[in-house]
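Q: Take a look at this one; I'll ask things after.
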């Protein structure tokens, strides 16, 4: 009887110890998982900030290219540059961007080809009644002085609904 009692006590104590150790391990694993998620969030924020800076530089290049390759009756005062979109599987179809000159729907130019460094490579497509026409030869005397460059959110633009 004494022996049975000792055996039961040892089993109960062992279960408590194993249960306590298991809970401690689970808590530590959860803590490590939370730490890893926080690190991933921080890295993702850094990457998105870097991407935003790269997109801003690319918008500047695109706006300068537009000013130097499009002419019209009115001077260009505002260029709204959309998001650079990649096409195909893993960007195999290249990238393009759409812009609007002087906030007028008819002055929208779609599909301006963009290389991996954000440099425009080809003219896009515009409306036939657009105020601005593509000029093959670069107008080197033009720059971005006095031109407002904006990020254009195509999906949220009420002009196209």
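Residue numbers (full-length UniProt numbering): 1 to 161. Ideal Cβ positions, reconstructed from N, Cα and C, are used throughout, including at glycine.
Enumerate in chain order the residues of its own chain whose CB-to-CB distance from residue 150 is below 6 Å, with the five nearest sequence positions on each side excluded.
A: Cβ within range, chain order: 80.
Q: Helix, strand or coil for residue 133, going by three-state DSSP, please let me know.
A: Three-state result, residue 133: strand.
Q: Kindly indicate the opening and closing residues of the alpha helix (DSSP H) around residue 9.
A: Taken as a continuous stretch (DSSP letters only), the alpha helix (DSSP H) holding residue 9 covers 2-69.
Q: Three-state secondary structure (DSSP) at residue 107?
A: Helix.
Q: Leaving out the 5 sequence neighbours to the left and right, which residues in its chain are closer than 7 Å to residue 119 when beta-carbon positions are compared?
A: Cβ within range, chain order: 61.
Q: Helix or strand or just coil, what does DSSP make of residue 144?
A: Coil at residue 144, not helix or strand.
Q: Compare the Cα-Cα distances from residue 110 to each of 95, 117 and 116 and report the closest residue.
A: Of 95, 117 and 116, the residue nearest in Cα terms is 95.
Q: Which whole-angstrom value describes the C-beta separation of residue 71 and residue 133, a residue pair presumed to lie in contact below a C-beta threshold of 8 Å?
A: So it is a contact: roughly 6 Å between Cβ atoms.
Q: What span of residues does the beta strand (DSSP E) with residue 99 cover, start to end?
A: Residues 95-101.
Q: Kindly identify the DSSP beta-bridge partner or partners of residue 150.
A: Answer by DSSP bridge pairing, in chain order: 80.
Q: Around the C-beta of residue 107, are 16 or more other C-beta atoms found within 10 angstroms, so that it is buried, or is it exposed?
A: With 16 or more Cβ atoms within 10 Å of its Cβ, residue 107 is classed as buried.
Q: For residue 98, which residues of its own chain have a beta-carbon under 6 Å away from its beta-carbon, when the five flanking residues on both sides are left out?
A: So the list reads 82 and 110, once near-sequence residues are dropped.
Q: On the DSSP bridge assignment, give the partners of residue 126 in chain order.
A: According to DSSP, which records beta bridges pairwise, residue 126 is partnered with 109.
Q: Going by DSSP, which residues form a beta bridge with residue 120?
A: BP columns for residue 120 point to 114.
Q: How would you call residue 24, buried or exposed, if buried means at least 16 neighbouring beta carbons within 10 angstroms?
A: By the neighbour-count rule (16 or more Cβ atoms within 10 Å), residue 24 is not buried but exposed.
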